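Its first residue numbered 253, the sequence shown is counted upward by one per residue in this note's numbering.
Here a beta-carbon is modelled for each residue, glycine too, at the ideal position from N, C-alpha and C.
Since the structure is predicted, the reported quantities are computational estimates derived from the model, not experimental observations.
A short write-up of the structure that comes next.
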Amino acid sequence: GVNTMIYREDEIRRIALRAFELARTRKKSLLSVDKANVLESTELWRSVVTETGRDYPDIELKHMYVDNCAMQLIRNPSQFDVIVTTNLFGDILSDEAAMLTGSIGMLPSASLGETKALYEPIHGSAPDIAGKNIANPLATILSVAMMLRHSLNLPQEASLIEKSVAGVLKEGWRTQDIYSTGSRLAGTEEMGNAVVRKLGSSDF
């Protein structure tokens, strides 16, 4: 079988611009991940990202090969903040990063277009656990926070949701996928209700 990876300069630049703007609101650090030593399409990727970076002198831009990044995510995840990469590499790295939280049920995602965006948990539909009240709802809840921040320009409201989720986890509430001895086991509904209660209080 043969597959073709095609990226145009304007596509790469659009993605890079979004990444640099995001990095500017965070720690002003951006890592571009590619395989420029093997794939010509990602040679172009590295070139365009580097060129785009000249318009963002306040952002520290670094490059890393994807195989090294996959290893570094496990070895020392705290070194990363914003990572920009191709769809293929991002799909793999995001699932890997999800397990650093303990479960793929913890991670939200955003697919951002020029005028529209799609927010959803990073995991699939998981029909095998549908209706059993055991699914982790936190990725869905955190996807709403991303929507508030990136599409509706409501960062304070997004932060309240994120702090509520963090507060519930700090109290020890866990769904089955992230449960460990000593935690407070909760079903989907109970975990969601716990977040709502925390959101309605000022106790973070």
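| said: Which of the three DSSP states is assigned to ILE311 in this structure? | reply: In this structure, ILE311 counts as coil in the three-state DSSP scheme.
| Per DSSP, ALA362 is paired with what? | TYR371.
| said: Tell me the DSSP secondary structure of VAL336 in three-state form. | reply: VAL336: strand per DSSP, three-state reduction.
| Any idea what DSSP makes of LEU437, helix, strand or coil? | Here LEU437 carries a strand assignment [DSSP, helix/strand/coil].
| message | Please list the terminal residues of the continuous alpha helix (DSSP H) segment that includes VAL318. | response | Looking at the DSSP string, the run of the alpha helix (DSSP H) that includes VAL318 is 318-327.
| said: Strictly by DSSP, which residues pair up with VAL285? | reply: Note: VAL285 sits in a beta bridge opposite MET316 and THR337.
| Hey, would you say ASP286 sits closer than 9 Å to TRP297, going by beta carbons? | Going by beta carbons, ASP286 and TRP297 fall inside the 9 Å limit.
| query | Around the Cβ of THR427, are there at least 16 other Cβ atoms within 10 angstroms (buried) or fewer (exposed)? | reply | THR427 comes out buried.
| task | May I ask you to report which of helix, strand or coil DSSP gives ARG265? | result | Helix, per DSSP.
| task | Specify the secondary structure class of ARG426 as computed by DSSP and reduced to three states. | result | Per DSSP, reduced to three states, the secondary structure at ARG426 is strand.
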